[in-house]
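Protein chains: 4
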Amino acid sequence: MNNREYTEIILRELSKTLSAVDPLKAEEFCERIEKAEEIFLAGAGRSGFAAKGFAMRLMHMGKKSYVVGETCTPNITENGLLVVCSGSGSTKSLVNHADKAKEVGAKVALITIDPDSPIGKIADTVIEIPAPSPKSARQGNVSSVQPMGSLFEQSESLFLDAVVMRLMEKEGMDSDAMFGRHANME
Amino acid sequence: MNNREYTEIILRELSKTLSAVDPLKAEEFCERIEKAEEIFLAGAGRSGFAAKGFAMRLMHMGKKSYVVGETCTPNITENGLLVVCSGSGSTKSLVNHADKAKEVGAKVALITIDPDSPIGKIADTVIEIPAPSPKSARQGNVSSVQPMGSLFEQSESLFLDAVVMRLMEKEGMDSDAMFGRHANME
Amino acid sequence: MNNREYTEIILRELSKTLSAVDPLKAEEFCERIEKAEEIFLAGAGRSGFAAKGFAMRLMHMGKKSYVVGETCTPNITENGLLVVCSGSGSTKSLVNHADKAKEVGAKVALITIDPDSPIGKIADTVIEIPAPSPKSARQGNVSSVQPMGSLFEQSESLFLDAVVMRLMEKEGMDSDAMFGRHANME
Amino acid sequence: MNNREYTEIILRELSKTLSAVDPLKAEEFCERIEKAEEIFLAGAGRSGFAAKGFAMRLMHMGKKSYVVGETCTPNITENGLLVVCSGSGSTKSLVNHADKAKEVGAKVALITIDPDSPIGKIADTVIEIPAPSPKSARQGNVSSVQPMGSLFEQSESLFLDAVVMRLMEKEGMDSDAMFGRHANME
Chain A
36 MNNREYTEII
46 LRELSKTLSA
56 VDPLKAEEFC
66 ERIEKAEEIF
76 LAGAGRSGFA
86 AKGFAMRLMH
96 MGKKSYVVGE
106 TCTPNITENG
116 LLVVCSGSGS
126 TKSLVNHADK
136 AKEVGAKVAL
146 ITIDPDSPIG
156 KIADTVIEIP
166 APSPKSARQG
176 NVSSVQPMGS
186 LFEQSESLFL
196 DAVVMRLMEK
206 EGMDSDAMFG
216 RHANME
Chain B
36 MNNREYTEII
46 LRELSKTLSA
56 VDPLKAEEFC
66 ERIEKAEEIF
76 LAGAGRSGFA
86 AKGFAMRLMH
96 MGKKSYVVGE
106 TCTPNITENG
116 LLVVCSGSGS
126 TKSLVNHADK
136 AKEVGAKVAL
146 ITIDPDSPIG
156 KIADTVIEIP
166 APSPKSARQG
176 NVSSVQPMGS
186 LFEQSESLFL
196 DAVVMRLMEK
206 EGMDSDAMFG
216 RHANME
Chain C
36 MNNREYTEII
46 LRELSKTLSA
56 VDPLKAEEFC
66 ERIEKAEEIF
76 LAGAGRSGFA
86 AKGFAMRLMH
96 MGKKSYVVGE
106 TCTPNITENG
116 LLVVCSGSGS
126 TKSLVNHADK
136 AKEVGAKVAL
146 ITIDPDSPIG
156 KIADTVIEIP
166 APSPKSARQG
176 NVSSVQPMGS
186 LFEQSESLFL
196 DAVVMRLMEK
206 EGMDSDAMFG
216 RHANME
Chain D
36 MNNREYTEII
46 LRELSKTLSA
56 VDPLKAEEFC
66 ERIEKAEEIF
76 LAGAGRSGFA
86 AKGFAMRLMH
96 MGKKSYVVGE
106 TCTPNITENG
116 LLVVCSGSGS
126 TKSLVNHADK
136 AKEVGAKVAL
146 ITIDPDSPIG
156 KIADTVIEIP
166 APSPKSARQG
176 NVSSVQPMGS
186 LFEQSESLFL
196 DAVVMRLMEK
206 EGMDSDAMFG
216 RHANME
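Read top to bottom, the protein sequences are chains A, B, C and D.
Read left to right, the first sequence gives residues 36 to 221 (our numbering).
Read left to right, the second sequence gives residues 36 to 221 (our numbering).
Read left to right, the third sequence gives residues 36 to 221 (our numbering).
Read left to right, the fourth sequence gives residues 36 to 221 (our numbering).
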C-alpha cells in the first residue's frame, strides 16, 4: 500500500477511537487544567512526546506548565495538577510520580487505555481512550493494524490538541497571542 | 464546542492535508531510509517531538537511528541520512544541521510546508505538507482553525507513522518483533 | 595509572584553571544573575550538561530559570539574561541564540575559553576559563592531559557551583530552603 | 567570599572525597565497562547530567552507550551493563531500572554515597563516594559546606572522567580519535 492509503487507515482508526472518548470527561479535564496553579506533564516514550507537546501549548497559553524530569521542573504542591499519559496506566516510574503527587495533595489526571490500572485507581479524572495496548491485558474496543501503541499515542496527541482548542475558546485566546510566547532563540 | 466536535474538525483538516501529500515522494523517502546506514532526526519544538517519535520507531525496527542533540548521537558520515522536520524549512539551527550534513556527503530529507525554503533548496528529498505556517510567508493550500503550527505537526506525525507501516510491509516486520526492542527499564 | 592518580591530575589541572578566572568578572556575573527577571541557559554537549546543572540550582534558589530547547522554555525578553556556555564561543546554534537574545534587548553572558570568539564579541559579560579547546585556535594558557574539552567543562561546572555559593551568601539562602524546591516526584 | 575562594573550598572538598574512593573498585568498574556489549547510564537530576557526560565520552571512544529515557535507547539484554548514578541509591525510578536490568541478566554498577541502599544491595559493583547526602540517613565521612548533593555530583563527574582516562590508557586511544566521533552537526 502507498502512504496515502496508510494515512487513510490511520485516520479511520483515529475517528473511531476519538469518537469514543467521553466529552463530559474531556470537559472535566479542561476544568482541572484551568483550576490548577501549575500543571505537570508525565509520560514515557511516544506517549511522553505527546505530553510534551501539550505542556508546550499550555506554556504558549501563559500557564505554568512543566515536564516531569526536565531541568527546571520544581516540586509539585497541593495546588498542582499532574497529568499522566500512559496507555497501560501501570508504567512503574509513572505510578511513582502519581503516588508522590497524591501524597502532597495534588490532583492527578490520567489519559489511558485502562481506567482500572494502578494510576487509574488513584487519579481524580480519567480519560479513557479505547485503543489496543501492547503492554496491558485490557485492549480497548477499537482494533488497530498499527504497530505497538501507535493508535493510543496518536489519539492522546489529538485529544490534547482538542483540549487546547477548547481552552482557547473558554479563555478567549488566539493563536497570535500564543505565538508571542513561543521560544524565540531557535 | 466540545472535545468530540474539535477532534472531528482536526480529523477533517488532517484528511485534507494528508491526501495532498505526494505518495511517490513518500515512497522515495522510504527508500532513502532503507538505503541509509544511519538515520539522524532533527526538529525543533513540537515538530521535534514528532521527529523523535519516528526515530524511536526506527530503533524498534532495528535501524540505527539518532536524534540530533541527544547524548549519544555520533557524527554523521557520507552514508548517513539526516531527516529534518521543519514547517518553515528555515529554522536557523536546522539549516546549520542540514549544511553540515551536506558538507560531509550525507543525504538530507525535509518534511516541510515550504519546499522553496533554505533547507528545501539543498535537500535530496522534500515532502511537502500543505498546512499553514505561523513563521513563513508560504501558507500551504489547506486552511486551519488550529493555533500556530498544529496542523503541520499533526500531519508530519501521522505521515511518519504511515512511513513506518510501509517500511514494516516492505521488510516483513511485525509489531511483536518491534516490541522486543522496546526500552525495558521503565 | 589508577583512578586516584588520575583524579589527582584532574584536580591539579582544575586548580590552575580556576585560579586564573577573574574574581571581579565572576562578581559581575553574579550581579547579572540577580538583576535578571528570567535566566536562560544554553550550551551544547557536555558544556550543556554543566549549564543544565546550574539552571537547576537557580530554580532551587527560587529564580525563574530555563534551558534553551527544553519543552516549557518561553520567549526571552529585554529583562532576560542568556548565559551561554561554549568553550569555542563559536558553536553556530549558540551564536544564533545569542544574536536573537541581543535583538530583543536581553543581556548575554558567556563562559568560554575564547573571549574574542563571535559570542564573546557581543556578550555583555565574558568569563574566560583558560583551558585548551579542541575546536578553537585559541588554547588557553593551561595545558591538559585530558581528552577533548574535559578541562573546560569541569572548570565551567565548578565555576558555576561557586557562583551558586556566592549567590546563597548574598541572598542569605540555605541548602534546606533549596531542597524544598527540589523535584519531588522522582 | 569571592569566586576564587569558593572554588578553593570546592577543590579541597573534592580532594578529600576522591582520595577516599577505592582504586581497586574503580579498576573493577573499568573492567565491567570493557566487558559489556552495551552500556546504559541512568541518573536523576544533576547526578544524571554527570552520567550523560560519561555516556557521551563512551560514545566518543566507540562504545555502544545509551542514556535510559532518551529516544533511541533500546532494551537492555544479558550482555548489557547498567550504570546507575544515585547519591541515595534509593531513587524509586532508578531502583526500578536496576531491578529490570537484573531480571534480564544484565550487570549493574552503582556510584553512590550509600552502598547499603536498595540499589547497592543488588549491584554487581558499587563505587562508594563518601559525600554528604540530602536524601539519605547515611552522610558519608566527608563534610561539605556546599548545598544539597553538590559534592557528590561533582565527585561522581570527576570520578567518571578519571575512568575515561584509564580506559583510554588501557585501549591506547587518544583525544583526536575521540573527537572524530564527536557530533558534527552543531
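Ideal Cβ positions, reconstructed from N, Cα and C, are used throughout, including at glycine.
C-beta atoms of residue i and residue j nearer than 8 Å
{"i": "Gly-115 of chain D", "j": "Phe-75 of chain D", "result": "yes"}
{"i": "Leu-129 of chain A", "j": "Ala-77 of chain A", "result": "yes"}
{"i": "Arg-216 of chain A", "j": "Met-94 of chain A", "result": "yes"}
{"i": "Gly-88 of chain C", "j": "Ser-179 of chain C", "result": "no"}
{"i": "Ile-146 of chain D", "j": "Ile-162 of chain D", "result": "yes"}
{"i": "Asn-37 of chain A", "j": "Glu-62 of chain B", "result": "yes"}
{"i": "Ile-148 of chain B", "j": "Gly-104 of chain B", "result": "no"}
{"i": "Asn-110 of chain C", "j": "Ala-218 of chain A", "result": "yes"}
{"i": "Ser-54 of chain B", "j": "Arg-67 of chain A", "result": "no"}
{"i": "Thr-160 of chain A", "j": "Ala-144 of chain A", "result": "yes"}
{"i": "Ser-185 of chain C", "j": "Asp-196 of chain D", "result": "yes"}
{"i": "Glu-221 of chain D", "j": "Ala-71 of chain C", "result": "no"}
{"i": "Val-119 of chain B", "j": "Ile-154 of chain B", "result": "yes"}
{"i": "Ser-152 of chain D", "j": "Ser-123 of chain D", "result": "yes"}
{"i": "Glu-73 of chain C", "j": "Lys-99 of chain C", "result": "yes"}
{"i": "Val-177 of chain A", "j": "Thr-106 of chain C", "result": "no"}
{"i": "Thr-1 of chain B", "j": "Ala-141 of chain B", "result": "In the structure as shown, chain B starts at 36 and stops at 221, and residue 1 of chain B therefore has no counterpart that could be examined."}
{"i": "Met-183 of chain D", "j": "Ser-82 of chain C", "result": "no"}
{"i": "Phe-187 of chain D", "j": "Val-56 of chain D", "result": "no"}
{"i": "Thr-222 of chain D", "j": "Ile-164 of chain D", "result": "Absent from the model: residue 222 of chain D. The displayed extent of chain D is 36 to 221, so no value can be given."}
{"i": "Leu-59 of chain D", "j": "Ser-50 of chain C", "result": "no"}
Any chain C beta carbon closer than 8 Å to residue i
{"i": "Ser-128 of chain B", "result": "yes"}
{"i": "Lys-70 of chain A", "result": "no"}
{"i": "Leu-53 of chain D", "result": "yes"}
{"i": "Leu-195 of chain D", "result": "no"}
{"i": "Glu-204 of chain D", "result": "yes"}
Residues bridged to residue i (per DSSP)
{"i": "Cys-120 of chain D", "result": "D:Gly-78, D:Ile-146"}
{"i": "Glu-72 of chain D", "result": "Per DSSP, none; premise fails for Glu-72 of chain D."}
{"i": "Glu-160 of chain B", "result": "Residue identity differs from the one stated: residue 160 of chain B is Thr in this sequence, not Glu. DSSP output for Thr-160 of chain B lists B:Ala-144 as bridge partner(s)."}
{"i": "Tyr-101 of chain C", "result": "C:Phe-75"}
{"i": "Gly-115 of chain B", "result": "B:Glu-73"}
Residue-level contact to chain A via CB, residue i, 8 Å cutoff
{"i": "Asn-176 of chain D", "result": "no"}
{"i": "Glu-191 of chain B", "result": "no"}
{"i": "Ala-166 of chain B", "result": "no"}
{"i": "Met-200 of chain B", "result": "yes"}
Chain D within 8 Å of residue i, Cβ atoms only
{"i": "Arg-216 of chain C", "result": "no"}
{"i": "Ala-61 of chain C", "result": "yes"}
{"i": "Arg-67 of chain C", "result": "no"}
{"i": "Lys-87 of chain C", "result": "yes"}
{"i": "Asn-279 of chain A", "result": "In this structure chain A extends from 36 to 221, so residue 279 of chain A is not present and cannot be described."}
{"i": "Ser-185 of chain C", "result": "yes"}
{"i": "Leu-76 of chain C", "result": "no"}
Within-8 Å CB hit, residue i to chain B
{"i": "Met-208 of chain D", "result": "no"}
{"i": "Met-91 of chain D", "result": "yes"}
{"i": "Ala-212 of chain D", "result": "no"}
{"i": "Asn-37 of chain D", "result": "no"}
{"i": "Lys-137 of chain D", "result": "no"}
{"i": "Ala-133 of chain A", "result": "no"}
**Message:** So within the stretch 186-219 of chain A, which uninterrupted alpha helix (DSSP H) runs reach at least 4 residues, ignoring any that extend past its ends?
**Reply:** 210-214
**Item:** Positions along the stretch 97-127 of chain C whose CB lies within less than 8 Å of some CB in chain A
**Value:** Ser-100, Tyr-101, Val-102, Val-103, Gly-104, Glu-105, Thr-106, Cys-107, Thr-108, Pro-109, Asn-110, Ile-111, Leu-117
**Message:** Under 8 Å, CB to CB, which of the residues in the stretch 139-163 of chain B have a partner in chain A?
**Reply:** none
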